[in-house]
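Asker: Counted the way this note's numbering counts, the sequence shown spans residues 30 to 311. Quick one: this structure, given as structure tokens, is what I'll be asking you about.
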Amino acid sequence: MARHSSSFFQGWEDKEHVRIFDWFSYFPTPLFIKQFEYFNEIRLLQKYFEKEGSSDKSMFEVGCATGEMVRYLKKKGYNCDYHGFDISEQAITAARKKFPLGKFKTITENSRDIVESAGKADLVFSRDVIMHQTDPWGFLDSLLELAAHTVILRMKTRDKGDTCLDPELSCQAHYDKYWMPYIVINVDELCAHLSKKANVAEINIIRSYGVLGGKNGRFLPKELYFSESGTAETAIQIRIGDKTNSSPTINLIDRSDKLQLSVIERAWLKLWLVYKRPEPEA
């Protein structure tokens, strides 16, 4: 097992991590595509490829887990030059097994080493990774360093209250044996941080509101257990380029990305998973 500098990252090497995070690989393809495209960050990804094209574009996914993005890109015909990076050796091994021709690499806890080994990409994508960092602002800055044109990410945000950066007070239990950071970033703080960057020209934020506290083993500041904090699953697109004004253009949109399956689709998925998804190891 790989050793990480922080005990907060040890859970990513647990075998149960791969089983849980490989969830989408067990979906039948039509439901996989439907679920994926309900996520606001995937909608931003679609719009990017529709506008910019894909055949001559490079894409880095930081926090690729078991590589299901490759499956999505292939099914949609987005033939970009994709590279997947993750700190979990277990996840990268699983990704390589599923997609032998894929470009996957294990990295350290900070993505700046990607620049040294692979340079920059037109598009940098990172889904639900920043919230698990002990230094989320530094991690965000490293994503900006990687991108030549656009960063698309998914994170957890709050409209009210300061960001709690203490992983002892804002965390999540994983696999019945680990605590990992679960950082919920204040939207105004996020916009202020990005606005200071000389190369950030535009910020598009799409929020899917919902209470974050009290679910899935989360141990969060108590105000995040109530709707008045304005917590959300948030997709963000950051365009790199020259600013037209002293501050970047900021667009805020509210759109739920909670998937609604029909009764038939739910039954199909349930039966499919019974036969396809492996049982936890004893």
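Note that the Cβ used here is the ideal one computed from N, Cα and C, for glycine as well. Treat the numbers as computed from the prediction; the structure is a model and nothing was measured.
Give me the Cα-Cα distance between Asp286 and Phe154, rounded to the nearest whole angstrom.
Answerer: By 1-based counting over the sequence shown, the position of residue 286 is 257. By 1-based counting over the sequence shown, the position of residue 154 is 125. Taking the straight line joining both Cα atoms gives about 18 Å.
Asker: At what residue ranges does the region 228-264 contain a whole run of the beta strand (DSSP E), taking only runs of 3 or more?
Answerer: Along the region 228-264, the beta strand (DSSP E) occurs as fully enclosed runs of 3 or more residues at 229-238, listed in sequence order.
Asker: Inspect the CB distances between the region 69-88 and the region 41-55 and report whether three or more fall short of 8 Å.
Answerer: The region 69-88 and the region 41-55 do not touch, with fewer than 3 CB-CB distances between them shorter than 8 Å.
Asker: Does DSSP put Ala296 in a helix, a strand or coil?
Answerer: In the sequence shown, counting from the first residue as 1, residue 296 sits at position 267. Looking at Ala296 - three-state DSSP - the assignment turns out to be helix.
Asker: Which of helix, strand or coil does DSSP assign to Lys76?
Answerer: On the sequence shown, residue 76 is found 47 positions in, with the first residue counted as 1. Reduced to three states, the DSSP call for Lys76 is helix.
Asker: Does the Cβ of Val213 lie closer than 7 Å to at least one heavy atom of the ligand NAD?
Answerer: By its list of ligands, the structure shown contains no ligand whatsoever, and the ligand NAD lies outside what it can speak to.
Asker: In the DSSP output, what is Asp110 paired with across the bridge?
Answerer: Along the sequence shown, read from residue 1 onward, the residue named residue 110 stands at position 81. Answer is Ser87, bridged to Asp110.
Asker: In this structure, what does DSSP give as the bridge partners for Asp283?
Answerer: As a first step, residue 283 is located in the sequence shown; it is residue number 254 there, counting from the start. Asp283 is bridged to Arg236.
Asker: Over the uninterrupted beta strand (DSSP E) stretch that includes Cys200, give me the two end residues.
Answerer: By one-based count along the sequence shown, residue 200 stands at place 171. It spans 200-203 - the beta strand (DSSP E) in which Cys200 sits, taken as one unbroken run.
Asker: Between Val318 and Ser199, is the Cβ-Cβ spacing less than 8 Å?
Answerer: What is shown of the chain runs 30 to 311, which leaves residue 318 out entirely.
Asker: Can you check whether the CB of Glu42 is closer than 8 Å to the CB of Ser117?
Answerer: Start at 1 with the first residue of the sequence shown, and residue 117 comes out as number 88. Start at 1 with the first residue of the sequence shown, and residue 42 comes out as number 13. Yes. Within cutoff.
Asker: For Lys185, list the residues DSSP reports as bridge partners.
Answerer: Here residue 185 corresponds to residue number 156 of the sequence shown, with the count starting at 1. Per DSSP, Glu262.
Asker: Going by beta-carbon coordinates alone, are Glu262 and Ser237 separated by less than 8 Å?
Answerer: Counting from 1 along the sequence shown, the entry for residue 262 is found at position 233. Counting from 1 along the sequence shown, the entry for residue 237 is found at position 208. Cβ distance < 8 Å, so Glu262 and Ser237 count as in contact.
Asker: How is the alpha helix (DSSP H) around Thr122 delimited, first residue to last?
Answerer: Numbered from its first residue, the sequence shown carries residue 122 at position 93. Where Thr122 is concerned, the enclosing alpha helix (DSSP H) stretches over 118-127.
Asker: How many Å lie between Cys193 and Pro250 at the Cα?
Answerer: Working through the sequence shown from its first residue, we reach residue 193 at position 164. Working through the sequence shown from its first residue, we reach residue 250 at position 221. Distance between the alpha carbons of Cys193 and Pro250: 8 Å.
Asker: Under a three-way DSSP split, which group does Phe61 fall into?
Answerer: Working through the sequence shown from its first residue, we reach residue 61 at position 32. Collapsing the DSSP output to three states places Phe61 in a helix.
Asker: What did DSSP end up calling Arg268 once you bin it into helix, strand or coil?
Answerer: Taking the first residue of the sequence shown as 1, we reach residue 268 at position 239. Arg268: strand per DSSP, three-state reduction.
Asker: Could you give the distance in angstroms between the alpha-carbon of Ser171 and the alpha-carbon of Ile293?
Answerer: The residue given as residue 171 occupies position 142 in the sequence shown. The residue given as residue 293 occupies position 264 in the sequence shown. Approximately 43 Å, taken between the alpha carbons.
Asker: Mind reading off the beta-carbon distance from Phe53 to Phe89? Whole number of angstroms is fine, and I expect it under 8 Å.
Answerer: Stepping through the sequence shown from its first residue, residue 53 is reached at position 24. Stepping through the sequence shown from its first residue, residue 89 is reached at position 60. Not really, about 20 Å apart at Cβ, beyond 8 Å.
Asker: Using only alpha-carbon positions, find the residue among Leu102, Gly82, Phe78, Glu81 that is nearest to Phe61.
Answerer: The residue you call residue 61 lines up with position 32 of the sequence shown. Of Leu102, Gly82, Phe78, Glu81, the residue nearest in Cα terms is Leu102.
Asker: Can you check whether the CB of Ile232 is closer than 8 Å to the CB of Leu223?
Answerer: In the sequence shown, the residue the question calls residue 223 occupies position 194. In the sequence shown, the residue the question calls residue 232 occupies position 203. For Leu223 and Ile232, yes; Cβs fall inside 8 Å.
Asker: For Leu241 and Arg187, what's the separation of their Cα atoms in angstroms?
Answerer: Working through the sequence shown from its first residue, we reach residue 241 at position 212. Working through the sequence shown from its first residue, we reach residue 187 at position 158. For the pair Leu241 and Arg187, the Cα-to-Cα distance works out to about 10 Å.
Asker: Between Ala94 and Ala227, what straight-line distance do the alpha-carbon atoms span, to the nearest angstrom?
Answerer: Residue mapping note: residue 94 aligns to position 65 of the sequence shown, counting from 1. Residue mapping note: residue 227 aligns to position 198 of the sequence shown, counting from 1. Whole-angstrom Cα-Cα distance: 31 Å.
Asker: Ignore the nearest five residues each way along the sequence and tell me which others in Gly96's own chain have a CB closer than 7 Å to its CB.
Answerer: If you number the sequence shown from 1, residue 96 lands on position 67. Here the set comprises Gly113, Ala124, Lys127, Phe128, Gly131, Phe133.
Asker: Return helix, strand or coil for Asn69, following the three-state DSSP convention.
Answerer: The residue given as residue 69 occupies position 40 in the sequence shown. Helix at Asn69.
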